[in-house]
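>
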Amino acid sequence: MAVKAAVKPASGNVVRVSGCTASALAAKYADVDVVTAYPIRPYTAIMMTLAQMIANGELDAEYIHADGEHAQLSAALGAGSAGARAFTGSSGVGITFAYELYSFISGARIPIHMAVADRTLDPPGDFGSEHTDALCTRDMGWLMGWASTPQEVFDKTLMAYRMGEDHRVLLPQMVCQDGYFVSHISGEVELPDQAQVREFLPPYRLPYALDPKLPVSHGAQIMPEQGPPLQLSRARAMEEAVPVMREVTDTFGEVFGRHYPHFIEEYRLDDAEIAFFIQGAHAVTARGVVDRLRDQGVKIGMARLLWFRPFPTEDAQKALGHLRAVGTVETNLGLGGATSGGVLSLDLAAALYPLRERPLLTSFMAGMGGEAVPSNEFHWMAKKLQRVASEGRIEKMAHWVGFEE
Amino acid sequence: MATEVERQILPLFEIEDRSRWYNPDLPETDPFVPGHRTCAGCGPAIEYRLHLKAAEDHSIAIGPTGCMYVANSSYMCTPYSIPWAHTPIASGGSFTSGVAAGYEAMIRKGKYQGKYPNIICMSGDGSASDIGLGSVSGMLYRNHDALLICYDNEQYANTGIQTSPTSPYGAMTTFTPPGPKIPEGKKLWPKEVAKMMAEGHPWCYVATTTVGYPIDLMNKTRRGLNFRGAAFMQVYAPCQKGFVYQTPLTIELGKMVVECGLFPVWEYDPETRSYDYLIPEQQHLVIEYLKLQGRFGHLSGEHIAKIQASANRKWEMIGADVPADFRAAEDPGYYVSRGIDKAGAAATEKAKAW
């Protein structure tokens, strides 16, 4: 059975596609050379779409059926090291099966791309979206961010390639989308001309590719005393990625006419007293709840994180420093952490701590296991935040939404 | 629009009427240059040099973690004059697949100007037969144009001599130490890795050889590289540190292991789907091989008899005659009657020191 690429024309060069198809389309526009695949729901649809594109002759690339995610990422690393543009991806336990490779790839400074559609980690088997899968690789040196619509998946994939391949950065990138909420729901995606993409995304040029014409060695063994400068250079690359990511986001806006905030979408935050801090698909619901509460006179806003790594400390301080209370909406499990909740709030707390005036922070465990986070839950969270603001103290560091009064 | 991928074909070396030690027509190039930290008499280092000499300069070498990674690239210095990359220990086959696929695509799409390189991955036996077995099988299954070599020193040597799936029965390793309860040390029989690869991926070129047959080793390297598709070689390469033998005997052991019937040398032809076995001119009892190595110094007659029986089955498999004396040596009594209760007293002493 042939898989239809599922590109339904809407109007002009706008198509209506799922997040998975949007990711595959971006890989095609990026003219990737090697695709490495292994099936796991829900990201599989990205690889199915690419396989069909190759079969149809729409994309010229080698397609590797890897024998597992560890092999999948290893093959992508090999291709990237050889100087070819590589594309891979995974979901859930597939991401954790490949864990050895995350530090390896960023340490080797090979800027491959990985598309993630989130899935809850086992046990038990659960197809639903939870960000824990990708987030457990968060400190491994990858640029990492969440898209909340298919259009953003498409745009972010192209941006990520350019950010990661920039010679000031040279780091791998992970563009994540919530499983099902984005990966399997259609949205309008405006497709560019290939010429625009060529203008925006120059050909992949690794300065130290494995090429017999210019021999180099990758990954020679070191002694502990040689470790610090290597780790420092990777940390610096992550820091230096911040201005590059701003630059690339601006250039993207100029070329394609879609202007994204650099790191944080500030939604009705200017005169706000309380706000949600959130990433991923549920931000769409949160935005609607903010609008409704604003109609009722509640001074609430929302900060949506577009890139979690590198963490935009400065942007978070600017966006949230003036508020009275901020509630992080966690869609991830950080078992035994400082808040007994998730991991997003840990970074936010550290980012805001140096401020003399800073908001009170709490967090909400919502959408766990991939359950939807409906409006009434956001209303419940907003009430909690209002109380924090009015009482001037938090009730607890992490609320489990749906389990409390 | 696609550019045709131009591949390299290297000529074979003459094997008849020549000295084993002086080979004037070998290529001058030495992509594995001196200046590494391997042990004196290191089998895999000798092997690596021969493979890369055979492959010549338009090549890429890939090295999963193992002693050929750690000892060759210490202090950020490597002995390679060609591109080389380290990979995780389980990624030999998969990383190599990526490099091969990358070159196929780049050359076809006009993004790389030049011939397709010889792509060689040197995995240790732990990497190729244990933790990275699936990754090797994946590369052979997908038939990438590359050569994966298992340099078989029959143990995890880099980590300090632990048993691997190719360690022989009776070998002393730090994970199979002999003791009163387990007098033979290792109780399991080794995986036949190359057979597994040939039988399971019959479209691939597969061969075995040892460092005792340098021209054969280089020719098989070239046949594997010239072959349009995936190739696999398993090469016996002694480890002085783990086998515990006199350093100058590395090449000798490479011969003895074949002449004692313990490591059949063969070539599998994917066209005819048949094996070509080397039947050595001389045959010896396995004890002649065992007594040279401290790792077997603890074995007694009953264990040696079992090893002789396994060698005899291999002689039968390759179609060699099994001398009557060899059959008699399958019986533990054979050793008792000759007063041999140990594989070798000298070896035992050495093993104690180690």
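So the protein lines, in turn, are chains A and B. Heads up: the first sequence begins at -16 in the numbering used here, then just goes up one per residue. Heads up: the second sequence begins at 27 in the numbering used here, then just goes up one per residue. No residue lacks a Cβ here, since even glycine has one placed at the ideal position from N, Cα and C.
Tell me, to the nearest whole angstrom, how far the beta carbon of A332/A is from that of L344/A; I am working on the premise that it is less than 8 Å.
Stepping through the first sequence from its first residue, residue 332/A is reached at position 349. Stepping through the first sequence from its first residue, residue 344/A is reached at position 361. 6 Å between Cβ atoms; contact.
> Using a C-beta to C-beta distance shorter than 7 Å, which residues of chain B count as neighbours of A67/A?
Numbered from 1 along the first sequence, position 84 holds the residue referred to as residue 67/A. Chain B residues near A67/A: G128, A131 and M132.
> Consult DSSP for P274/B and reduce its assignment to one of helix, strand or coil.
The count along the second sequence starts at 1 and reaches residue 274/B at position 248. Of the three classes helix, strand and coil, the one that applies to P274/B here is helix, per DSSP.
> Tell me whether the stretch 237 to 249 of chain A and the stretch 173 to 184 of chain A touch, counting them as touching only if at least three CB pairs, one residue from each stretch, are closer than 8 Å.
The stretch 237 to 249 of chain A vs the stretch 173 to 184 of chain A: in contact.
> Which residues, in order along the stretch 72 to 92 of chain A, keep a beta-carbon less than 9 Å from a beta-carbon of chain B?
Residues passing the 9 Å Cβ filter: E83, L84, F87 and A91.
> Looking at chain B, is there any beta carbon in it that lies within less than 8 Å of the beta carbon of V180/A?
Within the first sequence, numbered from 1, the residue matching residue 180/A stands at position 197. For V180/A, the answer is no, since every Cβ of chain B falls outside 8 Å of its Cβ.
> Indicate whether at least one CB of chain B lies closer than 8 Å to the CB of P195/A.
Stepping through the first sequence from its first residue, residue 195/A is reached at position 212. Yes, its Cβ sits closer than 8 Å to a Cβ of chain B.
> Mind checking which residues open and close the alpha helix (DSSP H) that includes M285/A?
Sequence index remark: in the first sequence, residue 285/A carries index 302 (1-based). First-last for M285/A: I283 to L288, but that is the beta strand (DSSP E), not the alpha helix (DSSP H).
> Could you check what DSSP says for C103/B in three-state terms: helix, strand or coil?
Here residue 103/B corresponds to residue number 77 of the second sequence, with the count starting at 1. Correct three-state label for C103/B: coil.
> What three-state label does DSSP hand F299/A in the structure shown?
Translated into the one-based positions of the first sequence, residue 299/A becomes position 316. Note that residue 299/A is Ala in the sequence shown, not Phe. Correct three-state label for A299/A: helix.
> Note down, in chain order, each residue of its chain lying with its Cβ closer than 7 Å to the Cβ of G51/A, except the 5 sequence neighbours on either side.
Numbered from its first residue, the first sequence carries residue 51/A at position 68. Answer for G51/A: Y21 and F80, listed in chain order.
> Give me whichever residues DSSP pairs with N144/B in a beta bridge.
Taking the second sequence and counting its residues from 1, one reaches residue 144/B at position 118. In DSSP, N144/B forms a bridge with S85/B.
> So, with DSSP's three-state summary, where would you put V136/A?
Counted from its first residue, the first sequence places residue 136/A at position 153. Three-state DSSP puts V136/A in a helix.
> With DSSP run on the structure shown, which of helix, strand or coil describes E223/A?
Position 240 of the first sequence, counted from the start, is the residue given in the question as residue 223/A. Three-state DSSP puts E223/A in a helix.
> With DSSP collapsed to three states, give me the class of W363/A.
Looking up residue 363/A in the first sequence gives position 380. W363/A falls in the helix class under three-state DSSP.
> Name the DSSP beta bridge partners of L174/B, please?
On the second sequence, residue 174/B is found 148 positions in, with the first residue counted as 1. L174/B pairs with C147/B and F258/B.
> Start and end of the alpha helix (DSSP H) containing V272/A?
For the purposes of this step, residue 272/A is identified with residue 289 of the first sequence, where counting begins at 1. Where V272/A is concerned, the enclosing alpha helix (DSSP H) stretches over A266 to D278.
> Comparing the C-beta of T19/A with each C-beta of chain B, is any distance below 8 Å?
Here the question's residue 19/A lines up with position 36 in the first sequence. Yes, its Cβ sits closer than 8 Å to a Cβ of chain B.
> Beta-carbon separation of Y46/A and L33/A under 8 Å?
Taking the first sequence and counting its residues from 1, one reaches residue 46/A at position 63. Taking the first sequence and counting its residues from 1, one reaches residue 33/A at position 50. Result yes, Cβ atoms of Y46/A and L33/A sit closer than 8 Å.
> Mind checking which residues open and close the alpha helix (DSSP H) that includes C286/B?
Along the second sequence, one-based indexing puts residue 286/B at 260. Where C286/B is concerned, there is no enclosing alpha helix (DSSP H), given that its DSSP letter is neither H nor E.
> If we count the other Cβ atoms within 10 Å of its Cβ and call it buried at 16 or more, is E210/B buried or exposed?
Against the second sequence, residue 210/B aligns to sequence position 184. By the 10 Å Cβ count, E210/B comes out buried.
> Flag Q177/A as yes if its beta-carbon sits less than 8 Å from any beta-carbon of chain B, otherwise no.
By 1-based counting over the first sequence, the position of residue 177/A is 194. It does not: the Cβ of Q177/A has no partner Cβ on chain B nearer than 8 Å.
> Going by the CB atoms, is the gap between P228/B and S193/B shorter than 8 Å?
Locating residue 193/B in the second sequence gives position 167, where the first residue counts as 1. Locating residue 228/B in the second sequence gives position 202, where the first residue counts as 1. Cβ atoms of S193/B and P228/B: not closer than 8 Å.
> Which of the three DSSP states is assigned to P53/B in this structure?
To locate residue 53/B, count along the second sequence from 1; it is residue 27. Three-state DSSP puts P53/B in coil, outside helix and strand.
> Do we get a CB-CB distance below 8 Å when we pair M206/A with the residues of chain B?
Locating residue 206/A in the first sequence gives position 223, where the first residue counts as 1. Chain B contact via Cβ: present.
> Please report the residue range of the beta strand (DSSP E) in which Q160/A lies.
For the purposes of this step, residue 160/A is identified with residue 177 of the first sequence, where counting begins at 1. Element bounds for Q160/A: Q156 to Q160.
> What are the partner residues of A308/A, as DSSP defines its beta bridges?
As a first step, residue 308/A must be located in the first sequence, where it is residue number 325. DSSP lists I257/A and L343/A as partners of A308/A.
> Assuming L404/A contacts F137/A (C-beta within less than 8 Å), just tell me the rounded distance between them.
Nothing can be reported for residue 404/A, as the shown portion of chain A is limited to -16 through 388.
> Considering only residues of the same chain and omitting the five flanking positions on each side of G238/B, which have a CB-CB separation below 6 Å?
Within the second sequence, the letter at position 212 stands for residue 238/B. Within the same chain, G238/B has close Cβ partners I277, G280 and K281.
> Would you say S99/B and A203/A are within 8 Å of each other, going by their C-beta atoms?
As a first step, residue 99/B must be located in the second sequence, where it is residue number 73. As a first step, residue 203/A must be located in the first sequence, where it is residue number 220. Going by C-beta atoms, S99/B is nearer than 8 Å to A203/A.
> To the nearest angstrom, how far is it from the Cα of M36/A to the Cα of I145/B?
As a working mapping, residue 36/A is identified with position 53 in the first sequence. As a working mapping, residue 145/B is identified with position 119 in the second sequence. The alpha-carbon atoms of M36/A and I145/B are separated by roughly 28 Å.
> Quick one, are the C-beta atoms of T122/B and G61/A less than 8 Å apart?
Mapped onto the second sequence, residue 122/B falls at position 96. Mapped onto the first sequence, residue 61/A falls at position 78. Yes, the Cβ-Cβ distance between T122/B and G61/A is below 8 Å.
> Exposed or buried, which one is Y85/A when buried takes at least 16 other CB atoms within 10 Å?
Here residue 85/A corresponds to residue number 102 of the first sequence, with the count starting at 1. Classification for Y85/A: buried.
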